[in-house]
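In UniProt numbering, the protein residues as written are 1 to 311.
Glycine included, C-beta positions come from ideal geometry on N, C-alpha and C.
Notes follow once the structure below has been shown.
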Amino acid sequence: MIWFLLIAALIIAIPLVIERNRAEMEDADRGSALGQFAELPDGVTHYAWTGPAQGPVVVCIHGLTTPSIVWRAVARGLASMGYRTLTYDLYGRGYSDRPSGPQDRQFFIKQLQDLLEDQDVTGSFTLLGYSMGGSIATCFAAAFPERVERLILLAPAGMGLVPNKLVDFMAKTPLVGDWLMLALFPPTFRRGIRAERDIPVQVRHIHDHQAEQLDYKHYVPAVLASRRGILADVLRDEHRAIRTHDIPVLALWGQDDQVIPASAIGSLAEWNRAAEHEVIKGAGHGLPYTHAPQIIAAIKAHIDTADKATD
């Protein structure tokens, strides 16, 4: 019986010890990062500008697990169109700080507001959100419609996720769910990265950057906090508000996405009948780094059509 209890205690302790021994994100780790750092009220935020200094601004918000490097190819494409693109790492990811606590819409909207103020972005801009970043972008646009000229969503959350009973249990169950997340998420995440390594990508070393997230403390808890926070929200009212304010919306979807269900397209179409949709053939959930040229082509066509309509 004693041996059984000792073995059980050891099994319980292993994920906790691994998390405790992960590295803190410090200045030395940030030395190799491209871009700059802003000292915001809730922590350091890593950001980068791409494109001509006088170009119209596009703000890009990444998703749940992959930091702002996910935008590198898309940002270059937008720069070639004359846009000035701001990308940044959400708290808990990339080179940004990892504050504890809930990661709900207020948490992420405040980070974006603080960064915009720090960077003196005072006018309206195009807002581009991917996956969880689509939820953040949607909530921001609904709350501050005067700031958003256009909303572009890539495989956006906010209309439901592909069901996963284990993930749902972890999100809904304190303590036990936290332990399961520490124990099961890292190997599951690594398997997903390995499965993608043979897929052609437009962002060099993207898979290495994804795997590196697991080297740092508080990353795994941040992912769970987001699942319990903003990703638990169904954004029906927000999308209807965006329609009421006549904000143009373009939604791009991956044909083979295994994260966002196909029903999400119908939900968004019902909530905002003015939204435009395009399904990118052969794309999974990683479309910003696997299908960047198609994304840029779709954005350009959407903007060109809008410009012709106003001539």
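Rounded separation between residue i and residue j - CA only
| i | j | result |
| --- | --- | --- |
| GLY123 | GLY254 | 31 Å |
| GLY31 | GLY94 | 13 Å |
| GLU212 | ASP89 | 14 Å |
| ARG236 | ALA292 | 28 Å |
| LEU224 | GLU26 | 22 Å |
| ASP29 | ASP208 | 15 Å |
| GLY160 | PRO145 | 23 Å |
| ALA33 | THR50 | 14 Å |
| VAL203 | LEU127 | 21 Å |
| SER226 | LEU64 | 7 Å |
| PRO15 | ASP198 | 30 Å |
| GLN258 | GLY284 | 7 Å |
| LYS172 | ARG228 | 7 Å |
| residue 312 | PHE189 | What the structure shows of the chain is the stretch from 1 to 311, and residue 312 is not part of that stretch, so it cannot be assessed. |
| VAL17 | ALA9 | 12 Å |
| ALA241 | GLY282 | 32 Å |
| ALA298 | ASP304 | 10 Å |
| ARG243 | ARG273 | 8 Å |
| HIS245 | ASN21 | 48 Å |
| LEU6 | LEU175 | 20 Å |
Nonlocal neighbours in the same chain, by C-beta distance under 7 Å from residue i, ignoring five residues either side
| i | result |
| --- | --- |
| TRP71 | CYS60, HIS62, THR87 and PRO288 |
| ASP118 | ALA38 and LEU40 |
| HIS302 | LEU250 and GLU276 |
| GLN106 | none |
| TYR47 | GLY35, GLN36, ALA38, LEU86, THR87, TYR88 and LEU115 |
| GLU19 | LEU182, LYS217 and VAL220 |
| VAL279 | TRP253 and GLN255 |
| GLU238 | THR138, CYS139 and ALA142 |
| ALA306 | PRO248 |
| LEU268 | MET159, HIS239, ALA251 and ALA275 |
| residue 328 | One cannot answer for residue 328 here, as it falls past the ends of the chain, which runs 1 to 311. |
| MET170 | GLY177, LEU180, MET181 and LEU224 |
| MET81 | LYS300 |
Integer-rounded CB distance, given that residue j should sit under 8 Å from residue i
| i | j | result |
| --- | --- | --- |
| GLU260 | ALA155 | With the sequence shown as reference, residue 260 is identified as Ile, and Glu is not the correct amino acid for it. So it is a contact: roughly 5 Å between Cβ atoms. |
| GLY158 | VAL234 | 7 Å |
Residue i and residue j closer than 8 Å at C-beta
| i | j | result |
| --- | --- | --- |
| VAL58 | TYR83 | yes |
| SER103 | ALA232 | Correcting the residue type first, residue 103 is Gln in the shown sequence and not Ser. Going by C-beta atoms, GLN103 is not nearer than 8 Å to ALA232. |
| VAL162 | PHE185 | no |
| LYS217 | ALA23 | yes |
| ILE296 | GLY101 | no |
| ILE12 | TRP179 | yes |
| VAL201 | THR290 | yes |
| GLN210 | THR45 | no |
| GLY286 | GLU196 | yes |
| ILE193 | ILE69 | no |
Residues near residue i in its chain [Cβ-Cβ closer than 8 Å; skip 5 each side]
| i | result |
| --- | --- |
| GLY129 | CYS60, ILE61, SER135, ILE136, ALA137, THR138, LEU151, ILE152, LEU153, LEU154 and PRO156 |
| ILE109 | ILE136, CYS139, PHE140 and ALA143 |
| ILE265 | ALA251, TRP253, HIS277 and VAL279 |
6 Å CB neighbourhood of residue i in its chain, flanking five on each side removed
| i | result |
| --- | --- |
| ARG147 | SER124 |
| LEU214 | PRO186 |
| PRO99 | ASP42, GLY43 and TYR91 |
Residue i - partner residues in DSSP beta bridges
| i | result |
| --- | --- |
| ALA143 | DSSP, once it has assigned bridges, lists no residue as partnering ALA143. |
| LEU86 | TRP49 and VAL59 |
| HIS277 | ALA251 |
| VAL44 | GLU39 |
| THR126 | VAL58 and ARG150 |
| TYR216 | ALA23 |
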